[in-house]
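Trainee:
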Amino acid sequence: MRVAVIGGSGHIGSFLLPRLVRAGHEVLNLSRGSSRPYTDDPAWAEVRPVRIDRPVEDAAGTFAAHVAELGPDAVVDLICFTPASAAALVEGLRGRTGQLLHCGSIWMHGPSTRVPLTEDDDRHPVGEYGVAKDAIARLLQEETASGGLATTSLHPGHISGPGWAPVTPLGNLDADVWERLASGREVLVPGLGTELLHHVHADDVAAAFELALAQPETAAGEVFHATAARALTVRGLLELAAGWFGQQAVLRHVDWPQFRAQTPAPFADQSWDHLWRSQYASPDKARRLLGYTPGEPDVAVREAVGWLRAHGTLQHLGPDTETRWLPER
Ligand SMILES: NC(=O)c1ccc[n+]([C@@H]2O[C@H](COP(=O)([O-])OP(=O)(O)OC[C@H]3O[C@@H](n4cnc5c(N)ncnc54)[C@H](OP(=O)(O)O)[C@@H]3O)[C@@H](O)[C@H]2O)c1
1401 MRVAVIGGSG HIGSFLLPRL VRAGHEVLNL SRGSSRPYTD DPAWAEVRPV RIDRPVEDAA
1461 GTFAAHVAEL GPDAVVDLIC FTPASAAALV EGLRGRTGQL LHCGSIWMHG PSTRVPLTED
1521 DDRHPVGEYG VAKDAIARLL QEETASGGLA TTSLHPGHIS GPGWAPVTPL GNLDADVWER
1581 LASGREVLVP GLGTELLHHV HADDVAAAFE LALAQPETAA GEVFHATAAR ALTVRGLLEL
1641 AAGWFGQQAV LRHVDWPQFR AQTPAPFADQ SWDHLWRSQY ASPDKARRLL GYTPGEPDVA
1701 VREAVGWLRA HGTLQHLGPD TETRWLPER
């Protein structure tokens, strides 16, 4: 079938589009054409690029019609961030395409109270991004429940993999923590380090989308988490990561004001956003209904750190203590 992927050359698309080509689909990548995929896969030669600027076309009211005119049997929307944009796309595709898959986020949930979070839990998202992802998921479910377009939303955790910096054990994007762990230096930890982080490999997210596309009747009207098999605590990931470099984590637990005082503000804010939510979103529904088989979160993070190291982004990491630095996937 013809599958149009909106935003297909980023973290998820880099793995998803080659998968779809190999599954025998005709694949269109709708993007501005400025980002290059992270994967160097011969399948990219078979992907048809379509130039499109989503916010510009949304503002002009032409986006949904542009997508529909491409005649896709299924649309995978990886870059939708407002209910208005989602509603316009649904309106334009209703009756013209078989399936719409949307990429959300586990931040459709707010700070966790009971873990693991399930898709059926009451959701109390916080912040503009999470509130919008929750609203989009509801809008799509209502569309399908009322007999309209067949839709599915899939909600990844912290997406990790080769090609970009992963969310660190401190819940931010400051690569300094990897250098500290590798050289046995002290790491400041806000609180006890028992908050939860829920990473997922980008290829596992891609696999979840591929499974939902392959099982349209099962997936229609559903909301799925697309997360790793388990979640990690802050302390757990710090200790595991130190071990990658043959070190033991040297941790100093401080309170949040002390952590903020010694951490650049954007990184401290990112830490707060992740650790305050402390989420573990169960992948069991996707396992049960779609046959999703997610990997372990530390494998995804390690692969990302390995990529940073191999590309010289991390300058001072000690030698790898194991030979299997980059696991085959
Ligand atoms: N990153 C995470 O940890 C995380 C976690 C949970 C959920 N998510 C969700 O994942 C989705 C993003 O997926 P991703 O991480 O794979 O994306 P990404 O790496 O940010 O890639 C963005 C893709 O969209 C295209 N794009 C960007 N701006 C565009 C525009 N104005 N018009 C058309 N195309 C545009 C890019 O290509 P061009 O630059 O060439 O246009 C690229 O193909 C979002 O829905 C986000 O909420 C992400």
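Note that our numbering has the sequence shown beginning at 1401, numbered continuously upward. All residues carry an ideal CB built from backbone N, CA and C; glycine is no exception.
Using a threshold of 7 Å, is the CB atom of Ile1536 nearer than that to any non-hydrogen atom of ligand 1?
Mentor: If you number the sequence shown from 1, residue 1536 lands on position 136. Answer for Ile1536: no, Cβ out of range of ligand 1.
Trainee: Only counting runs of 4 or more residues, tell me where the alpha helix (DSSP H) segments fall wholly within the segment 1604 to 1685, in order along the chain.
Mentor: 1616 to 1619, 1634 to 1644, 1656 to 1661, 1665 to 1677, all fully within the segment 1604 to 1685.
Trainee: Need the endpoints of the alpha helix (DSSP H) that Ala1486 sits in, please.
Mentor: Working through the sequence shown from its first residue, we reach residue 1486 at position 86. 1483 to 1493 is the extent of the alpha helix (DSSP H) around Ala1486.
Trainee: With DSSP run on the structure shown, which of helix, strand or coil describes His1466?
Mentor: For the purposes of this step, residue 1466 is taken as the residue at position 66 of the sequence shown. The answer is helix: DSSP assigns His1466 an H, G or I state.
Trainee: Tell me which residues share the same chain as Pro1697 and place their Cβ nearer than 6 Å to its Cβ, disregarding the 5 neighbours each side in the sequence.
Mentor: Locating residue 1697 in the sequence shown gives position 297, where the first residue counts as 1. Around Pro1697: His1599, Ala1628, Leu1632.
Trainee: Return the chain-ordered list of same chain residues with a C-beta closer than 6 Å to the C-beta of Val1634, the five sequence neighbours on each side being excluded.
Mentor: To locate residue 1634, count along the sequence shown from 1; it is residue 234. So the list reads Pro1569, Gly1593, Glu1595, once near-sequence residues are dropped.
Trainee: Taking the DSSP output, what are the residues bridged to Gln1732?
Mentor: Here the chain has residues from 1401 to 1729 only, and residue 1732 is not among them.
Trainee: Could you work out which residue in Pro1418, Asp1473, Asn1429, Ala1460 is closest to Pro1616 when comparing CA atoms only?
Mentor: For the purposes of this step, residue 1616 is taken as the residue at position 216 of the sequence shown. Closest option to Pro1616, Cα to Cα, is Asp1473.
Trainee: For Pro1694, which three-state DSSP category applies?
Mentor: Within the sequence shown, the letter at position 294 stands for residue 1694. Three-state result, Pro1694: coil.
Trainee: Taking three-plus beta-carbon pairs below 8 Å as touching, is the segment 1580 to 1593 in contact with the segment 1602 to 1614?
Mentor: Taking 8 Å as the limit for Cβ pairs, the verdict is that the segment 1602 to 1614 does not touch the segment 1580 to 1593.
Trainee: Given Gly1691, which residues of its chain have a CB within under 7 Å of its CB, disregarding the five upstream and five downstream residues?
Mentor: Residue numbering aside, residue 1691 sits at position 291 when the sequence shown is read from its first letter. Result list for Gly1691: Leu1611, in chain order.
Trainee: In the DSSP assignment, what residue or residues form a beta bridge with Arg1448?
Mentor: Position 48 of the sequence shown, counted from the start, is the residue given in the question as residue 1448. DSSP, once it has assigned bridges, lists Leu1428 as partnering Arg1448.
Trainee: Does the contact criterion of 3 or more C-beta pairs under 8 Å hold for the segment 1458 to 1472 versus the segment 1437 to 1444?
Mentor: Too few Cβ pairs lie closer than 8 Å, so no.
Trainee: Going by DSSP in three states, Ile1559 sits in which element: helix, strand or coil?
Mentor: In the sequence shown, residue 1559 corresponds to position 159, counting from 1. Of the three classes helix, strand and coil, the one that applies to Ile1559 here is strand, per DSSP.
Trainee: Taking the straight line between their C-alpha atoms, what separation do you get for Val1467 and His1524?
Mentor: On the sequence shown, position 67 is the one that residue 1467 refers to. On the sequence shown, position 124 is the one that residue 1524 refers to. Taking the straight line from one Cα to the other gives about 32 Å.
Trainee: Name the DSSP beta bridge partners of Leu1517, please?
Mentor: Position 117 of the sequence shown, counted from the first residue, corresponds to residue 1517. DSSP output for Leu1517 lists Ala1681 as bridge partner(s).
Trainee: Please name the residue, chosen from His1625, Ala1710, Arg1402, Gly1712, that lies closest to Val1427 on a Cα-to-Cα basis.
Mentor: Stepping through the sequence shown from its first residue, residue 1427 is reached at position 27. Considering only alpha carbons, the answer is Arg1402.
Trainee: Distance, Cα to Cα, Ser1671 vs Leu1470?
Mentor: Against the sequence shown, residue 1671 aligns to sequence position 271. Against the sequence shown, residue 1470 aligns to sequence position 70. So the alpha carbons of these two residues sit roughly 41 Å apart.
Trainee: Return yes when the C-beta of Asp1453 is under 7 Å from any heavy atom of ligand 1, and no when it is not.
Mentor: Residue numbering aside, residue 1453 sits at position 53 when the sequence shown is read from its first letter. Yes; taking the cut-off as 7 Å, the Cβ of Asp1453 has a heavy atom of ligand 1 nearer than that.
Trainee: Below 6 Å CB to CB, which residues in the same chain sit around Val1567 once its five sequence neighbours on both sides are set aside?
Mentor: Taking the sequence shown and counting its residues from 1, one reaches residue 1567 at position 167. These residues qualify, in order along the chain: His1558.
Trainee: Using a Cβ-Cβ cutoff of less than 8 Å, which residues in the same chain neighbour Thr1551 once the five nearest sequence positions on both sides are dropped?
Mentor: Stepping through the sequence shown from its first residue, residue 1551 is reached at position 151. These residues qualify, in order along the chain: Val1490, Gln1499, Leu1500, Leu1501, His1502, Leu1540, Gln1541, Glu1543, Thr1544, Ala1620, Gly1621.
Trainee: In the DSSP output, what is Glu1586 paired with across the bridge?
Mentor: Translated into positions along the sequence shown, residue 1586 becomes position 186. Val1650.
Trainee: Is Gly1571 near ligand 3, judged by its Cβ being under 7 Å from some heavy atom?
Mentor: Ligands present in the displayed structure are limited to ligand 1, and ligand 3 is not among them.
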